Amino acid sequence: MSSISNKRAPNSLALWDKLVPYVFIAPFIISFVIFFVFPSVYSFVLSFFRYRGYGSATFVGLDNYIALFIYPTFWTAVYNTLFYWIVHIIPVMAISFLLAVAVNSKLVKWKGFFKPVIFLPQITAAVASALIFKVIFATRYGVINKLLGTQIFFLEDPLLMKWSVVALILWRAIGWYFVIYMAGLTTISDEIQEAATIDGANAAQRLWHITVPLMRPIFLFAFMMDTIGSLKIYSEPLLMFSTGMDAPTDVIPILSILTRNINGGNFGLASAVGWVLFVMILLVSLIQYKALRGGNDE
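Everything in the sequence shown is counted per UniProt numbering, starting at 1 for the first residue and increasing by one.
Below, the structure written as structure tokens:
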């Protein structure tokens with residue numbers, strides 16, 4: 001009997017060793033299914049129904065998607081969202097990368113001071129940031145108009161309103177990508193840079209021929225993260241220009257249509273908006289991935 005029990009003990013321990021990893025990841029898997037998988041599947045199914053939040057849902061097929069494409073402000077919202085993304089992505093990536101290179105260089109002292117200062121806008125409350133920029137761009141008493149002695153309608157002109165939102169996005173996003181690029185720069189060994197210096201490469205050549213190629217995976221990550229965040233933009237236009245429950249048509253993003261229909265009890269159309277936005281983000285991200293990853297596939 002003792003020999004049989006001794007044989008069972010190692011088997012039990014081996015089984016337990018196999019189960020332990022699953023026990024530890026079980027809370028994540030359960031929460032992932034409850035809070036992500038189930039709502040995603042439910043919203044996809046709901047996008048084919050007309051449902052007001054009470055009573056029975058009525059199957060309408062593709063009617064919600066058709067209604068979305070002829071929605072009065074849908075294409076304006078698509079244009080605004082793409083405008084925010086296209087106009088700001090290159091400046092924010094370039095500025096944050098150059099700041100990271102500058103702070104990471106041996107010439108710059110007080111690194112412990114510059115890092116939190118540059119990152120500070122990222123942790124500033126969105127409401128506070130929007131109020132600051134409203135003061136900066138105000139027509140009568142704004143900082144810019146007072147300094148220039150002019151009366152530029154930053155917060156009233158349809159085009160300048162969009163540029164005001166872009167300025168706010170830039171100010172808030174640079175610190176985040178600065179930290180990401182700083183982390184990426186620390187992975188580049190000093191030996192590579194020193195070898196290039198010995199070979200006669202100057203600072204610009206080292207940056208272009210060594211740093212930039214080695215940072216390509218970081219660029220890919222940063223570009224895709226910024227694309228996802230930009231196409232889901234909502235709070236910046238709303239906080240800067242909203243006088244009630246929604247922002248003006250001239251600056252509304254796609255997510256504004258989603259929240260508008262949720263508040264109006266049109267959950268089927270709101271779900272359709274979410275899935276159209278998901279497809280947009282997926283397609284743009286795949287194009288970016290292919291473009292930025294192409295050089296690494298060889």
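A virtual CB, placed ideally from N, CA and C, is assigned to each residue, including glycine.
Note that the structure is a prediction, hence the values are computed from the model and not measured.
In the DSSP assignment, find the unbroken alpha helix (DSSP H) run with Lys146 in it and report its ends.
Start and end: Val143 to Leu148.
Between Thr227 and Val165, what straight-line distance do the alpha-carbon atoms span, to the nearest angstrom?
In a straight line, the C-alpha of Thr227 is about 16 Å away from that of Val165.
Based on the DSSP output, what are the partners of Thr58 in its beta bridges?
Note: Thr58 sits in a beta bridge opposite Arg50.
Measuring only the C-alpha atoms, how far is Gly264 from Gly274?
Going from the Cα of Gly264 to the Cα of Gly274 covers about 15 Å.
In terms of residue numbering, what span does the alpha helix (DSSP H) encompassing Asn80 cover?
First-last of the alpha helix (DSSP H) with Asn80: Phe74 to Asn104.
Going straight from the alpha carbon of Tyr177 to that of Val92, what length do you get?
One C-alpha to the other measures close to 8 Å.
Apart from the five residues on each side of it in sequence, which residues of its chain come closer than 6 Å, Cβ to Cβ, to Ile180?
The residues are Ala222.
Determine, using beta carbons only, whether Ile254 and Leu286 come nearer to each other than 9 Å.
Cβ atoms of Ile254 and Leu286: not closer than 9 Å.
If you reduce the DSSP assignment to three classes, tell me which class Val251 lands in.
Coil.
State the DSSP-derived secondary structure class of Lys18, mapped to helix, strand or coil.
Residue state, collapsed to three classes: helix.
What separation, rounded to the nearest whole angstrom, lies between the Cα atoms of Thr139 and Leu131?
Going by the C-alpha atoms only, they are around 14 Å apart.
State the Cα-Cα distance for the pair Ile90 and Arg216, rounded to the nearest angstrom.
Looking at the two C-alpha atoms, the distance is approximately 15 Å.
From Phe114 to Leu185, what distance separates their C-alpha atoms?
Each residue's alpha carbon lies about 16 Å from the other.
Cα-Cα, which of Lys109, Gly112 and Ile169 is closest to His88?
His88 has its Cα closest to that of Ile169, out of Lys109, Gly112 and Ile169.
With burial defined as no fewer than 16 other Cβ atoms inside 10 Å of the residue's Cβ, what is the status of Leu148: buried or exposed?
It counts as exposed.
Just to confirm, is the Cβ distance from Phe49 to Gly268 under 9 Å?
Yes, these two residues count as a Cβ contact at 9 Å.
Hey, out of Phe83, Ile218 and Met161, whose CA is closest to Leu292's CA?
It is Ile218.
Going by alpha carbons, who is nearest to Tyr234 out of Tyr65, Ser105, Ala126 and Trp110?
With distances taken between Cα atoms, Tyr234 lies closest to Ala126.
Can you tell me the Cα-Cα spacing of Val284 and Thr197, whole angstroms?
So the two alpha carbons sit approximately 39 Å from each other.
Hey, how far is the Cα of Phe44 from the Cα of Ser271?
So the alpha carbons of these two residues sit roughly 7 Å apart.
I need the straight-line Cα distance from Ile66 to Phe133, nearest angstrom please.
C-alpha separation (whole angstroms): 38 Å.
So which of Leu277, Ser242 and Trp208 has the shortest CA-CA distance to Phe97?
Closest option to Phe97, Cα to Cα, is Trp208.
Assuming Tyr71 is part of the alpha helix (DSSP H), what are its boundary residues?
Segment: none, Tyr71 is in no alpha helix (DSSP H) and carries neither H nor E.
Using a Cβ-Cβ cutoff of less than 7 Å, which residues in the same chain neighbour Glu156 once the five nearest sequence positions on both sides are dropped?
Answer for Glu156: Thr139, listed in chain order.
Rounded to a whole number of angstroms, what is the C-alpha to C-alpha distance between Tyr54 and Asn266?
Roughly 11 Å between the two C-alpha positions.
Assuming Ala77 and Ile252 make a contact with CB atoms under 8 Å, what is their CB distance in whole Å?
Correct: roughly 5 Å between the Cβ atoms.
Enumerate in chain order the residues of its own chain whose CB-to-CB distance from Trp171 is below 8 Å, with the five nearest sequence positions on each side excluded.
Cβ neighbours of Trp171 beyond the five flanking positions: Pro121, Ser129 and Phe133.
Just the C-alpha distance for Leu19 and Val33, rounded to the nearest angstrom, thanks.
The straight-line gap from Cα to Cα measures roughly 20 Å.
With a threshold of 7 Å on Cβ separation, who are the neighbours of Met240 within its own chain once the five nearest residues in sequence on each side are excluded?
Excluding positions up to five away in sequence, the list reads Ala130, Phe133, Lys134, Ser164, Val165 and Leu168.
Specify the secondary structure class of Ile192 as computed by DSSP and reduced to three states.
Residue state, collapsed to three classes: helix.
Sorted by chain position, which residues of the same chain lie with C-beta nearer than 7 Å to Ala102's C-beta, five sequence neighbours on each side aside?
If we look at Ala102 and ignore the five residues flanking it on each side, its Cβ neighbours are Val108.
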